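Here is the structure we will look at.
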Amino acid sequence: MDGERLRRSPRKHGSTSSRSDTEPQTEPESAGNVFGETDTQQTPRPPRRGLALCTAPNLSYPHRDPEDSDFAPRSTKTPSYTEKISNSRRPTFTSGSRTGSSVTSRTRSTSPIKKMDDLSKLEKPVKWESPEPFELKEMVEETGSAEALRLFNAIWDIAQDEGFLPRELKELLKGELMVKESKFATEDRAMVIPDKQLEDASKILPSSDDSTNHLMVLCNELTTIRQIVNTTKEFVSNNRSEATWNDHIHGPTLRLAVSNIPEVEAENITTSAIERTCIPPARGDLETLGGKMIDYAFLLRPDKALETRITNFVAELPDMQSFNQSTHGPLCKEPTGVLIETKVESKRQGEGKTQLGIWLASWFGRVAKFEGSKKLPFLPVLLVVCENWELYFAFNKEDRFEAAGWLDEGGVSGLG
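Following full-length UniProt numbering, the numbering of the sequence shown begins with 1 at its first residue and continues without gaps.
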């Protein structure tokens, strides 16, 4: 999508509801202000059901991610959405733990840090907390960021099954899913469609108009979601390695989540290591904190102004020439905005939290050196265990880093 002129499809306003599914996407220019000196915060959104997909082929980035995905369904029979909705887990916000499917462990090397106790040994420790929903909202409000509060409210609506299905497909989905009206968005989806795709569509379907192209994009998205759901159901029933889950499910899901946000990309960083100078200091002896720490990150593609600031900042650093705490490819110049760790066994949740904790502590330590970064309200982090996705907000407190949640964003074993 880089270097290609993009065009937004027209948007039909059917409501003035404040819970618009498109709010974060209608102001792409704010993405450049993520590390700006204003008080607003444009944070990349976590994966959510029903996000737009430009085209199915766009789900892979062969120039960045060596793990290209195979989206072919494993069965010629596609389960009905009624089956999917009946088998899926309803989103909730709780303070308890959750049991995921137990499958074979990862094939890549495991980080040596496995005990959550190690997070308390850092000079500035990382605490994982489980506040009530209203308490977490108060924590977000205390940051003073209107953009952060907007993000929280939008995510909470999704967790409550509000407005996450595209209303353009209501005729197709309502009967099959047997869901209430409130599950559908109140406005049409605002989408970014590449000019090349529009050109191809006009050649294949000469009579196509903007409305037709709009629906074609949504149908592409629906097809991709069906494929991910089918593959997930098979993987839950038949054990797969973490690398296989990442390749066929987690990677495609994350790329789908940001496919309609040109300023954000999902990057596989399983080969990334925290540089020695960025390892958070600890009290007493700990095993090495380097190595392969987390699996994915959402990266911000900076606009020209922010890119210049980042280039100047990196050039003046005394250690390594990288904006983030790793020298892995794009991490040198593209800020990370969401950290993601994946697991395939529920008993390894603690290990996943430890890995995320070390990484977020290192991230705050590095990014804090960038002018204006102290106004960042929080860092979203995702812990994925098989088909279950948990969202936490990491706050930089005076004496600790606090990862608060979890907010259950459902899973990929069903659509409803």
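All residues carry an ideal CB built from backbone N, CA and C; glycine is no exception.
Please read these numbers as outputs of a predicted model, since none were measured by experiment.
Counting every other CB atom within 10 Å of its CB across the protein chains shown gives Asn312 a total below 16, marking it as exposed.
Boundaries of the beta strand (DSSP E) harbouring Thr342: 336-343, taken from the DSSP string. Taking 8 Å as the cut-off, the beta carbon of Thr336 is found closer than this to the beta carbon of Trp363. Assignment of beta-bridge partners to Leu300 by DSSP yields Val264.
Taking a cut-off of 8 Å for Cβ pairs, the region 117-133 and the region 344-361 touch, as three or more such pairs fall below it. If you draw a straight line from the Cα of Glu316 to the Cα of Gln160, it is about 46 Å long.
Ranking Thr277, His328, Cys278 by CA distance to the CA of Ala297 puts His328 first. The secondary-structure analysis by DSSP pairs Trp128 across a beta bridge with Ala403. In the three-state scheme derived from DSSP, where H, G and I count as helix and E and B as strand, Asn239 is classed as coil.
Under DSSP, the beta-bridge partners assigned to Glu390 are Leu383, Asp408. Proximity to Ala368 across Asn324, Ser346, Thr186, Asp247 peaks at Asn324, based on C-alpha coordinates. Per DSSP, the beta bridge partners of Asn396 are Phe401.
For Ser237, the closest alpha carbon among the candidates Asn396, Asn153, Glu187, Val344 is that of Val344. Collapsing the DSSP output to three states places Leu122 in a strand.
Judged by pairs of C-beta atoms under 8 Å, the region 392-403 touches the region 129-149, as three or more such pairs exist.
Comparing alpha carbon positions, the residue from Leu356, Phe370, Asn239 closest to Leu379 is Leu356. Inclusion of Val384 and His250 in the CB contact set at 8 Å is warranted, their separation being smaller than that value. Residue environment: Ile261 is assigned as buried (16 or more neighbouring CB atoms within 10 Å of its CB, all protein chains considered). For the pair Leu300 and Glu263, the CB atoms are nearer than the 8 Å cut-off. Under DSSP, Leu165 takes part in a beta bridge, and its partners are Phe184. Collapsing the DSSP output to three states places Ala368 in coil.
Take the alpha-carbon of Gly350 and the one of Met116: they are about 6 Å apart. Under DSSP, Ala282 shares a beta bridge with Leu122. A direct Cα-Cα distance of roughly 33 Å separates Ala190 from Glu371. Note on Ile204: under 16 other CB atoms within 10 angstroms of its CB, so exposed under the neighbour-count rule.
In this structure, DSSP gives Leu218 a helical state, which the three-state scheme calls helix. Going by C-alpha positions, Phe401 is about 16 Å away from Arg283. Exclusion of the five residues before and after Met320 leaves Glu275, Thr277, Thr327 as the residues of its chain whose Cβ lies within less than 7 Å of its Cβ. In the structure shown, Val229 falls within a helical segment according to DSSP collapsed to helix, strand and coil.
For Met139, the enclosing alpha helix (DSSP H) stretches over residues 133-141. In terms of Cα proximity to Thr231, the closest of Lys174, Cys332, Asn246, Asn220 is Asn246.
By the C-beta density criterion, Ser202 is exposed, having fewer than 16 other C-beta atoms within 10 angstroms. Between the region 179-189 and the region 161-168 there are three or more C-beta pairs closer than 8 Å, enough to call the two in contact. The Cβ-Cβ distance between Pro302 and Ile310 falls below 8 Å. For Phe152, the enclosing alpha helix (DSSP H) begins and ends at 146-159. Taking Ile340 as reference, the option from Val381, Lys347, Ala404 with the minimal CA-CA separation is Val381.
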